[in-house]
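The next block holds one structure in the form of structure tokens; read it before the comments.
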Amino acid sequence: MADRIFRINMTELTTSIEEVPADWMGHGGRGLTSTIVAAEVEPTCHPLGAKNKLVIAPGLLSGTVAANSGRISCGAKSPLTGTIKEANAGGTAAQMLARLGCKAIIIEGQPREDRWYSILIDEEDVTISEETDLVGKGNFAVVEEAGRRFGDRHGIITIGPAGEMKMLAANISIKDPDGKLRSCGRGGLGAVLGAKRVKFIAIAPTDAKVEIADPEKFREANRVFTKALVDNPISQALGTYGTNVLVNIINEAGALPTRNFSAGQFDGHEKISGETMHDIIVERDGRPKHNCHPGCVIQCSQIYNDKDRKYKTSGFEYESIWAMGADCCVDNLDLIAEADHLMDDIGIDTIETSVAMGVAMEAGVLEFGDGEGICRILREEIAAGTPLGRIIGCGAGSVGRAFGVTRVPVVKNQAIPAYDPRAVKGIGITYATSTQGADHTMGYTIATNILGVGGNIDPLGKEGQVELSRNLQIATAAIDSTGMCLFIAFAALDDATCLPALVDMINARYGISLTADDVTSLGKTILKTERAFNQAAGFTSRDDRLPEFFREEPLPPHNVVWDMTDEEIDAFWDFS
Amino acid sequence: MRLTVRLFAFFRDGRFRERECDYPEGTTVREIITSLGIDPGEVGVIMLNSRHCSQDQVVHQGDKLAIFPVIGGG
Ligand code: SF4
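Pasting the structure below:
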């Protein structure tokens, strides 16, 4: 099936299926969402108004049998940051959309009346229906009810109450192979879908396959690529301990933001560590190893059961555990798992919301360490949409402003995640210069600053940090376009067979002949497209800065401050 | 000479999480790793008093040594 653009106009309640314009052909995933947003969205528009558009795109390799290629990208102008935004997740939607011949979905406009809608995509058509039953319901109820209506094999893209209420930390959830959820977490894209009044999108299964120009070459490249992933020792550790293996090492490095970013080590680190989590999972008959989409060979996800051995949460990530754990000083994994589950159901970003809780703790709204309090606020305030719930549900910056807190860890109003930039300078450059606000995944310098992957660069020194962040941000923009999970980067950085095999797969799929340099150029083009959108929206290099407190408050145990100068930060963009 | 050795991830299996250990003056990190029955080739990251170091590093009384296999996340 040839790829098409599925356009959905929520003002007119019409749909159309269009040819893919020639200059969008070579794009997928983030490259495509950012290209379309830059081409069609007025940079100065209100992100929650009719002029913003939500674009959903599978990656270039999604829908094929390529290992780890099932990530889906959502993009729009972010209501949280005011910048362009892309957030990606696993689940089954990317592969299903690609097999239906969908290059991208563009959702535009806004209904004039106070009504909610759902969208069904199948082999024949794209249909908009009015939705009443599921309005106000959590994401798990949506997945369950959609299963009853359409059957369990449908893919689902959904928002919870947070998205409906247009909270700026609202995420978009994607159904995974077990009927649980993965999230396009950051930047409030759930609020954009909520502003379009779309509660969920259902995607019908199909027997169609994506066309592969050179199947033989594709198979061989995928074999080499898969082997590079499977053989990589980091992949193996990810399958055993999940991403949460990082708690102890980041703590050891003195870079684990603790007590709303006032210290770099957390006394309770062992209790929330990946090692402890692994033991609890095994003891309660959960699964330490689990995939967020079919075809993942790394399997960093897991099934975490409660004390009664019943399912509690999956995709229990380091960043979520750090945020509720060290940053809010909660040293109880069961409470953190409960909060994680609640946030999945409400449809709200675990990083933004938990960092917001840390700021609320600093403000005295609740005590540091009060895990029960976090769960109560999620249930009774955020899910219910009370004034306090909306303040916290609009993120860390919102809480800081409402309560007059000055230690508010955000860049471009997006919460800083799980690595303190004072103790890992490379990631500080990424937070400052990212086109999308503070986001570790945009250029994961932790690999080289802390983990010794792709070389070693002293996390506390200034040397090499800008170049490191730049190279990784360029590479990441390209990887985010392929539909690949970012964790392939560990193999890509250290195994010389990995990246060429990835490029070969793209070539074999489309019958083209990209080189590694072309892929780097693609990454650069994406970054520049995103930055140009932000500049047209009013952003300048003065927005590429970390909050003042990082320069003024030394972080124990190393007692370091953020000391990269403005000129050093701005040199990030010196590339052509 | 006494120092604290901490092990992480699967290096803990059949060994320990944290232990006060005695070693002679001048011992290197590599010698400690080998004495614990860990293959130095499997070691990913070593931190001495929360700073990265090499396997050639000589340890001192009161040091805190942390030994990690090759791990990653994000
Ligand atoms: S490694 Fe983890 S995040 Fe990546 S595709 Fe597999 S389960 Fe999903």
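So the protein sequences, as listed, match chains X and Y.
Quick note: the first sequence uses the numbering used here, first residue -13, plus one each step.
Quick note: the second sequence uses the numbering used here, first residue 206, plus one each step.
Using N, Cα and C, we set each Cβ at its ideal position, and we do this for glycine too.
message: For a test of your reading of the model: does the CB of residue 379 of chain X fall under 8 Å from any non-hydrogen atom of the ligand SF4? Yes or no.
response: Within the chosen limit of 8 Å, the ligand SF4 does not reach the beta carbon of residue 379 of chain X with any heavy atom.
The beta strand (DSSP E) that contains residue 70 of chain X, what's its start and end?
70 to 75
field: Of the residues X/186, X/7 and X/276, the one placed nearest residue 333 of chain X, counting alpha carbons only
entry: X/186
* Classify residue 400 of chain X as helix, strand or coil using the three-state DSSP reduction. => strand
List the residues of chain B that residue 274 of chain Y touches, going by C-beta distances under 8 Å, in chain order. This model lacks chain B altogether, as its protein chains are X and Y.
**Prompt:** When you compare only the Cα positions, how much space is there between residue 229 of chain Y and residue 240 of chain Y?
**Reply:** 12 Å
I'd like to confirm something about residue 172 of chain X: is its beta-carbon nearer than 8 Å to some heavy atom of the ligand FMN, or not? Of the ligands one can find in the structure shown, namely the ligand SF4, none is the ligand FMN.
Sequence-distant residues of the same chain with beta carbon closer than 7 Å to residue 532 of chain X, five excluded per side | Excluding its 5 nearest sequence neighbours in each direction, residue 532 of chain X has C-beta neighbours in its own chain below 7 Å: 397, 407, 414, 417, 418 and 548, listed in chain order.
Query raised in the report: From what residue to what residue does the beta strand (DSSP E) around residue 274 of chain X run?
Result: Residue range 273 to 276 is occupied by the beta strand (DSSP E) that includes residue 274 of chain X.
*Give the range of the beta strand (DSSP E) segment to which residue 228 of chain Y is assigned.*
Element bounds for residue 228 of chain Y: n/a, residue is neither H nor E.
How many Å lie between residue 299 of chain X and residue 97 of chain X at the Cα?
-> Their Cα atoms are separated by approximately 35 Å.
Under 8 Å between beta-carbons, which chain X residues line up against residue 250 of chain Y? List them in chain order, please.
235, 436, 437 and 438
Return the CA-CA distance between residue 274 of chain X and residue 276 of chain Y, expressed in angstroms with no decimal places. 16 Å
Measuring alpha carbon to alpha carbon, tell me which residue in Y/219, Y/278, Y/269 and Y/264 is nearest residue 232 of chain Y.
Taking only the C-alpha atoms, the option nearest residue 232 of chain Y is Y/264.
*Sort out for me which residues DSSP pairs residue 291 of chain X with in a bridge.*
X/297
Would you say residue 225 of chain Y faces chain X, with C-beta separation under 9 Å as the test?
no
Check your understanding: Closer than 8 Å, Cβ to any Cβ of chain X: which residues of the stretch 213 to 242 of chain Y, in chain order?
Key -> 213, 214, 215, 217 and 222
From this set, X/217, X/32, X/555 and X/290, which residue's C-alpha is nearest residue 227 of chain X's C-alpha?
X/290
Residues of the stretch 406 to 438 of chain X with Cβ closer than 8 Å to any Cβ of chain Y, in chain order = 426, 427, 430, 432, 433, 436, 437 and 438
(Q) Going by DSSP, what residue range makes up the beta strand (DSSP E) through residue 62 of chain X? (A) 58 to 63 is the span of the beta strand (DSSP E), which, as asked, contains residue 62 of chain X.
For the putative contact between residue 237 of chain X and residue 264 of chain X, defined by C-beta atoms under 8 Å, what is the C-beta separation to the nearest angstrom?
Going by Cβ atoms, the distance from residue 237 of chain X to residue 264 of chain X rounds to 17 Å, so no, they are not a contact pair.
- Message: Is the separation between the beta-carbon of residue 76 of chain X and that of residue 56 of chain X shorter than 9 Å?
- Response: yes
Collapsed DSSP secondary structure at residue 126 of chain X in the structure displayed: Helix, per DSSP.
- chain Y residues whose Cβ lies nearer than 8 Å to that of residue 543 of chain X: Result: 255.
query: Hey, residue 178 of chain X and residue 65 of chain X: beta-carbon distance below 9 Å or not?
result: Against a cut-off of 9 Å, the Cβ pair of residue 65 of chain X and residue 178 of chain X comes out as a contact.
Who are the Cβ neighbours of residue 217 of chain Y in its own chain at under 6 Å, not counting the five residues just before and after it? none
* Would you say residue 156 of chain X and residue 35 of chain X are within 9 Å of each other, going by their C-beta atoms? -> no
Item checked: Per-residue DSSP class, three states only, for residue -8 of chain X -> strand
* Asked: Where residue 498 of chain X and residue 45 of chain X are concerned, what is the direct C-alpha to C-alpha distance, given to the nearest angstrom?
  -> 16 Å
Notebook entry, point to check: Tell me which same chain residues have a C-beta within less than 6 Å of the C-beta of residue 207 of chain Y, skipping the five on either side of it?
Noted result: 225 and 227
Item to check | For residue 477 of chain X and residue 218 of chain X, believed in contact at Cβ under 8 Å, the rounded distance | outcome: So it is a contact: roughly 4 Å between Cβ atoms.
Residue 134 of chain X burial status per 10 Å Cβ neighbour count (16 or more: buried):
exposed
Applying the criterion that 16 or more other CB atoms from any shown protein chain within 10 Å of the CB defines a buried residue, is residue 11 of chain X buried or exposed?
exposed
_Taking 9 Å as the threshold (beta carbon to beta carbon), is residue 476 of chain X in contact with chain Y?_
For residue 476 of chain X, the answer is yes, since a Cβ of chain Y falls inside 9 Å of its Cβ.
Let me check understanding here. Comparing Cα to Cα, which of X/82, X/28 and X/54 lies closest to residue 43 of chain X? X/82
Item to check | Uninterrupted alpha helix (DSSP H) stretches inside the stretch 366 to 417 of chain X (no shorter than 4 residues) | outcome: 373 to 379 and 382 to 389
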